[in-house]
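**Q** Residue numbering for the sequence shown follows the numbering used here, beginning at 45 and increasing consecutively.
The beta carbon of each residue, even a glycine, is placed where N, CA and C say it ideally should be.
Please read these numbers as outputs of a predicted model, since none were measured by experiment.
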Amino acid sequence: MAWLDVNTETEKGPLHPYGAVAMFALALAASTGVLLRFGLYQGMPAWAQNYVAVRHAHSHLMYFGWVTLSLMALIWRALPALTGRPLPRAVAPQMAASAALALLSFPAFWVNGYGLTQIGRAELPLGAMVAGLNGVGWFLFVWLYGRATWQLPTRPLPIQLWDWALVLLLLASLGAAGLAAMPAWPSAAATLQPYFLHLFLDLFAVGWFNLALLGLLWAELSRRGCALPRWLPTQSLAIAVTPTFVLGVPPSLVPDGAFWTGALANLVAAFFLAWHGRWLWQYRRALPWLARFGLIFLAVHGLSALAVLWPGFWAWSAGTQLRIFFLHNLLLGWVSSALLGLWADPQPEQAWWPERGIYLLWAGGVSLMLVALLGLGFVAWTGITAGSWLRLAAWGSVPVALAAWGTLGLGQISAAKIPFQHDVRRLRQRL
Ligand code: HEM
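1) For the alpha helix (DSSP H) that A330 lies in, which residues bound it at each end?
2) Measure the C-alpha to C-alpha separation of I462 and N156 and round it to an integer number of angstroms.
3) Return yes when the C-beta of H102 is under 7 Å from any heavy atom of the ligand HEM, and no when it is not.
4) From N254, A216 and P299, pick the residue whose C-alpha is nearest to that of T235; which is it?
5) Specify the secondary structure class of L131 as computed by DSSP and reduced to three states.
6) With three or more beta-carbon pairs closer than 8 Å as the criterion, would you say the region 63–81 touches the region 376–391?
7) Tell me whether F183 is buried or exposed, calling it buried when 16 or more other Cβ atoms sit within 10 Å of its Cβ.
8) Measuring CB to CB, does L241 end up less than 8 Å from L212?
9) Can you tell me whether DSSP reads A271 as helix, strand or coil?
10) Just the Cα atoms here: how many angstroms apart are A209 and F253?
11) For my contact list, P202 and L126 are in at a C-beta cut-off of 8 Å; report their separation, rounded to the angstrom.
12) Which residues bound the alpha helix (DSSP H) around A90?
13) Enumerate in chain order the residues of its own chain whose CB-to-CB distance from V312 is below 7 Å, with the five nearest sequence positions on each side excluded.
14) Does P355 pass the burial test, meaning 16 or more other C-beta atoms within 10 Å, or should it be called exposed?
15) What is the residue span of the beta strand (DSSP E) that L168 lies within?
16) May I ask whether a heavy atom of the ligand HEM can be found less than 7 Å away from the beta carbon of L334?
17) I'd like the span of the beta strand (DSSP E) that includes T161, first residue to last.
18) Would you mind working out which of T426, I402 and L412 sits nearest A437, comparing C-alpha positions?
19) For A302, which residues in the same chain have their Cβ closer than 7 Å to its Cβ, ignoring the five residues on either side in sequence?
20) Looking at the structure shown, is Q365 part of a helix, part of a strand, or coil, going by DSSP?
21) Taking buried to mean at least 16 other C-beta atoms within 10 Å of its own C-beta, is A271 buried or exposed?
22) For R81, I'd like the list of residues in its chain whose CB is within less than 6 Å of its CB, leaving aside the five on either flank, ordered along the chain.
23) If you run the structure through DSSP and keep just helix, strand and coil, what is Q279?
24) Is there contact between the region 95–110 and the region 141–158, where contact requires at least three CB pairs shorter than 8 Å?
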């Protein structure tokens, strides 16, 4: 296999544009989220009447274009320093295809979501087709990652976490395959469809996103010269998060035994995540500022595992807006804050004032939006109307989108802020 050296003296490797593409996806998907948030209390505008399709466009661009593309690019960025090997040449076309397909998911879902769209004489499920093609890009990534890390004499902690993150990515993809097969099996659709949907959506987030992100944070700390803890949960964390997807399925479809398996596994997973969180907090001074901020939401995510065990809470909460709170606490508060930190946030003392302003905008908006979503979940007890909470969530989302556009603008002005700066000399010494 031919190999590609991504590291350049100029800090601009061939993967450099993908940080900007991911940031663009974040900004566009966040703006779509703002549209949905205002749509929820003012109604959707005439040019975006299909709320469900727009929501699919938002969530898929976030999943494919922002988080997955970022994780892949950041893993490729960090890998050579951990393996002592350059990257396979095929990484460049794989990333180009993944970026293009992720961006394509936005218009494909915007039109009709997972429904059929008339193109000429044919009726095509555009969203499902593009989602399937995105899956091919992930498999290519897994295969190339396997080649790049094959038979390493030792597998450092970040690589162990990425190994398991990719196992969970493949497992979650089975859910997507199941969803695609549903039209051929209509009699089982009502029962199985929610299971496949949450195997895909939830395991993708709590499995692939979480473990890959933890690996990146530990790789960043090791790059910054921190001695990593002797042991942290990797395989055990991956095993514990696997059954937790059943908690996303509507309670009426989940037998008691499956619920308790999911809830107890969720508790064990929360314990292992807290283990990582505790150590990351110990090293917080070496972490990007936004990653430190994200740790607050990781803690909230862990605490929610206890709430699920409260008798009746899970079944009750499924009928409220709390699902959207838990989802965005994990995906926006924790995963996106930490990722933004890894892309754009140097050591806090090196940040200049527009960057600090952007981080404050992000942190303020995320906090406001999540507090409003929590208030909406417990609306009956708050003494505040649902309309007021919805309005607060909508206005809270505006600074988040502005911060995303601002990061994109600053990142393009200052190339080093979207860095691919492996130290080539150190890498060459190892080779
Ligand atoms: C500015 C930030 C964000 C805003 C304003 C926003 C807004 C929204 C809104 C309004 C909904 C629909 C809620 C409903 O129908 O009750 C939604 C759903 C969703 N969002 Fe976000 N969101 C943001 C960030 C994110 C991020 C960062 C991710 C993932 C990385 C994400 C993933 C999702 C998912 C998976 C759904 C559920 C889709 C479904 O059930 O079909 N969102 N978001």
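**A** So, to answer that:
1) For the purposes of this step, residue 330 is identified with residue 286 of the sequence shown, where counting begins at 1. From DSSP, A330 is part of no alpha helix (DSSP H); its letter is neither H nor E.
2) If you number the sequence shown from 1, residue 462 lands on position 418. If you number the sequence shown from 1, residue 156 lands on position 112. In this predicted model, I462 has a pLDDT of only 48, less than 50, meaning its place in the structure is not dependable enough to derive any value.
3) By 1-based counting over the sequence shown, the position of residue 102 is 58. H102: yes, Cβ under 7 Å from the ligand HEM.
4) Numbered from 1 along the sequence shown, position 191 holds the residue referred to as residue 235. T235 has its Cα closest to that of P299, out of N254, A216 and P299.
5) In the sequence shown, residue 131 corresponds to position 87, counting from 1. It is a strand residue.
6) yes
7) Position 139 of the sequence shown, counting from 1, holds the residue named residue 183. Answer is exposed; the Cβ neighbour count stays below 16.
8) As a working note, residue 241 is residue 197 in the sequence shown. As a working note, residue 212 is residue 168 in the sequence shown. No; because the gap between Cβ atoms is not below 8 Å, this pair is not in contact.
9) To locate residue 271, count along the sequence shown from 1; it is residue 227. Correct three-state label for A271: coil.
10) In the sequence shown, the residue the question calls residue 209 occupies position 165. In the sequence shown, the residue the question calls residue 253 occupies position 209. Straight-line Cα distance between these residues: approximately 7 Å.
11) Residue 202 sits at position 158 when you count from the first residue of the sequence shown. Residue 126 sits at position 82 when you count from the first residue of the sequence shown. With 8 Å as the limit, P202 and L126 qualify as a contact, their Cβ atoms being about 6 Å apart.
12) On the sequence shown, position 46 is the one that residue 90 refers to. Note, A90: premise wrong, no alpha helix (DSSP H); not H, not E.
13) In the sequence shown, residue 312 corresponds to position 268, counting from 1. A284.
14) Reading the sequence shown from its first residue, position 311 is the one you call residue 355. Exposed, because fewer than 16 other Cβ atoms sit within 10 Å of the Cβ of P355.
15) One-based indexing of the sequence shown puts residue 168 at position 124. That run of the beta strand (DSSP E) goes A166 to L168.
16) Your numbering for residue 334 matches position 290 in the sequence shown. Answer for L334: no, Cβ out of range of the ligand HEM.
17) Counted from its first residue, the sequence shown places residue 161 at position 117. Here the beta strand (DSSP E) through T161 covers T161 to I163.
18) The residue given as residue 437 occupies position 393 in the sequence shown. If we check each option's Cα against that of A437, L412 comes out closest.
19) As a first step, residue 302 must be located in the sequence shown, where it is residue number 258. Taken in chain order, the residues that qualify are V290.
20) What you label residue 365 is simply residue 321 of the sequence shown in a count that begins at 1. DSSP places Q365 in coil when its eight states are reduced to three.
21) Position 227 of the sequence shown, counted from the first residue, corresponds to residue 271. Classification for A271: exposed.
22) Start at 1 with the first residue of the sequence shown, and residue 81 comes out as number 37. Taken in chain order, the residues that qualify are A437, A438 and S441.
23) As a working mapping, residue 279 is identified with position 235 in the sequence shown. DSSP places Q279 in helix when its eight states are reduced to three.
24) yes
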